[in-house]
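Below: the structure, in structure tokens.
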Ligand code: NOJ
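In this note's numbering, the protein residues as written are 72 to 813.
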């Protein structure tokens, strides 16, 4: 028995060894590594921010002290810097240029949170392709996206950059973005290496304040925060980035458990792991390193291949290797990962970027894709008396609100390279596309989202009085979300709520469009407005997209990728929560508690006295101009065994008058398990188009692997017992069918 085992171990070693030497890229790396000095290896691990053609940068490149440059975008400059590396450094290793191309480069798409609201992976992939085409034309071959942090706290500004609260939806969106950025083959000059970030747990930041500490039990880490990253590895993502936060006291840039045990050993990842900006240095402020040398040692030990802007590696690795604290073998591993990507991108063979006759920016096709994405990212939350789409009886509209004509704000966070002059605002689009059909009266009311000016409100009221319908565009300026832009109060800023109330008091129907970087607490505003579209920051083409939705050329199909809370105090609030031992029941709200009531007279169940239980709108919610009827859910078998699968199906009928798209969502619940399980978990979705009156059967296949979760022994498996399955229009509706896992 032992001999047999030994034979297989030897065979595996030989096969792995052969695969390694037979791979032409690995052979090239071996050869190049054998010629590199320790200093040249360390140079590859150093990433600096661009300083143009500065003397200092050129001298560092020539002496092999830089492996990658971020934030350098001028094509002539990137080609010239590349020439210095290729022709004037000893080994001629090309540079890798990087940039944050997050939701577009020039043509800006909706913020990632908005993109996730489309639930349309093909569309998202095609948008990332547009970004790659535009960005690579300037010499950039690496983007720091997608951000696939699970975000369940809307106070956190970076929720805008996330795909929301759900591991499955985030995984699907992340993979779509990776495919779009990287294209079919990394060696294609229009391919951008993608970066799964931030590894890991960044979204769990305490109190929604950026960079804050996180405390994440391992089961939650593995079940909730890590799945999108594992999917990214499986999809072939080229790079990973560490997060800024500490997890359970250990900052990610020095976290051996995350970076070596999980990423490299368990997932077999062979791409680059880059630190975040100065995050190696910041381990000193975290209080886990004495100085930069100590931080360097911890980051290298944790397997961080590249140092972004800490100047740690370039200054300290050499002495740490020479004194035997770090082995050169560890350094070789990192350099291998870096060179591997440079070879795969084809940089050794084609280091320069050809200057195109015309830069491929804002092409008609790209703008069309951006518009379609903005259309599908808008979520219809309310539509009383079918106010939307506006019908022919509407002869005039008052276009009001600080976001109605704010070209920069609609672009959202993270668009370093965007030009607001290319934005088409809602006002411009309504005037240009529908101005011949309706009279357009424009009056911003408030000049920016935080504006408190009452005079502006008075003018807006006058405009509203002259119109049949009010179109009110409210929300947040782009600077109120994104990195380090967190809020403790997530209501509509400034006097926007007062503006809505004043407009409502005119008696005119009000359509409220919310353009924001996060879920806002808008319960009062939703009750006052007649129709509400939640549009996030929709990018360059937000205006035409919203105009088409308002006037009925397009039908809303967006679904919330994140829960909208009633009050900020409910946060974190998400659909996949666990059940308490005392679920909410017969809630007595704060204004109904009799004075002097006995402490136990309210029933002792789980809710907030002032917010009740449950969200303003649940995850997955979104209305249409038509209606969809879901038949009962059918399951192919009542019971399954480990390793088997079942089919869950239902019929969906478009019972309304509009042809439209619907996102059918597939959820399951594990009713009894060794650990309390979420009340529902998304396991699949399909976005389908149905003509008015059309019925379609949809099927989801479920295997027992999808039912697995980590137990306290860190074993990932599905436990026998009873399960429920839903196919529904959102996370809170529908009736389940049941099945048993034997
Ligand atoms: C810091 C951010 O956290 C990260 O997402 C970004 O990619 C880097 N800075 C580089 O700009």
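Positions of the beta carbon are idealized from the N, C-alpha and C atoms, including for glycine. Here the structure is a predicted model, which is why all the values come from computation and not from measurement.
Considering only 461, 630, 523, 647, the residue with the shortest C-alpha distance to residue 581 is 461. Counting every other CB atom within 10 Å of its CB across the protein chains shown gives residue 456 a total below 16, marking it as exposed.
Bounds of the beta strand (DSSP E) holding residue 583 are 581-586. Taken through DSSP and simplified to helix, strand or coil, residue 188 comes out as coil. With distances taken between CA atoms, residue 350 lies nearest to 360 out of 360, 342, 653. Under the three-state reduction of DSSP, residue 676 is assigned to coil, being neither helix nor strand. The beta carbons of residue 566 and residue 523 sit closer together than 9 angstroms. A direct Cα-to-Cα measurement between residue 143 and residue 487 gives close to 12 angstroms.
Residue 497 and residue 624 have their alpha carbons spaced roughly 15 angstroms apart. The alpha helix (DSSP H) runs of length 4 or more contained entirely in the region 331-410 are, from start to end of the chain, 353-357, 363-372, 384-393.
Boundaries for residue 446: no beta strand (DSSP E) harbours it, while the alpha helix (DSSP H) harbouring it runs 435-448, taken from the DSSP string. Short note on residue 579: C-beta not closer than 8 angstroms to any heavy atom of the ligand NOJ.
Contact check between the region 504-513 and the region 546-566: fewer than three CB pairs, one atom from each, fall below 8 angstroms, which does not count as touching.
In this structure the region 216-228 does not lie against the region 425-443, because fewer than three pairs of beta carbons, one per stretch, are closer than 8 angstroms. Beta-bridge partners assigned by DSSP to residue 752: 739. Look at residue 774 here: in three-state DSSP terms it is strand. A straight line joining the alpha-carbon of residue 516 with that of residue 751 spans about 43 angstroms. Inclusion of residue 632 and residue 644 in the CB contact set at 9 angstroms is not warranted, their separation being larger than that value. Residue burial annotation: residue 611 is buried, with at least 16 other C-beta atoms found within 10 angstroms of its C-beta.
Selection 687, 477, 132 evaluated against residue 121 yields 132 as nearest (Cα-Cα).
The beta carbon of residue 586 lies closer than 8 angstroms to those of 474, 480, 481, 544, 545, 546, 547, 606, 607, 608, 609, 613 in the same chain, with the five residues before and after it left out.
Listed in chain order, the non-local C-beta contacts of residue 414 below 8 angstroms within the same chain comprise 96, 99, 100, local neighbours out to five positions each way being set aside. The residue among 781, 743, 163, 113 with its C-alpha nearest the C-alpha of residue 292 is 781. Residue 271 is positioned such that its CB atom lies closer than 9 angstroms to that of residue 220.
Boundaries for residue 725: no alpha helix (DSSP H) harbours it, while the beta strand (DSSP E) harbouring it runs 716-725, taken from the DSSP string. In this structure the region 650-660 does not touch the region 568-582; the number of beta carbon pairs closer than 8 angstroms is below three.
Per DSSP, the continuous alpha helix (DSSP H) segment holding residue 154 begins and ends at 146-159.
Two segments are said to touch when three or more pairs of C-beta atoms, one from each, lie closer than 8 angstroms; by this definition the region 365-375 does not touch the region 305-312.
The continuous stretches of alpha helix (DSSP H) do not include residue 694, and DSSP gives it neither H nor E. Assignment of residue 624 by DSSP, reduced to helix, strand and coil, places it in the coil class.
DSSP lists 345 as the beta-bridge partner residues of residue 312. Where residue 118 is concerned, the enclosing beta strand (DSSP E) starts and stops at 117-120. In the three-state scheme derived from DSSP, where H, G and I count as helix and E and B as strand, residue 548 is classed as coil. By the CB criterion at 9 angstroms, residue 734 and residue 797 fall outside the cutoff. Beta-bridge partners of residue 758 (DSSP): 734. Residues 468, 470, 501, 502 of the same chain have their beta carbon placed closer than 7 angstroms to that of residue 511, with the five preceding and five following residues left out of the count.
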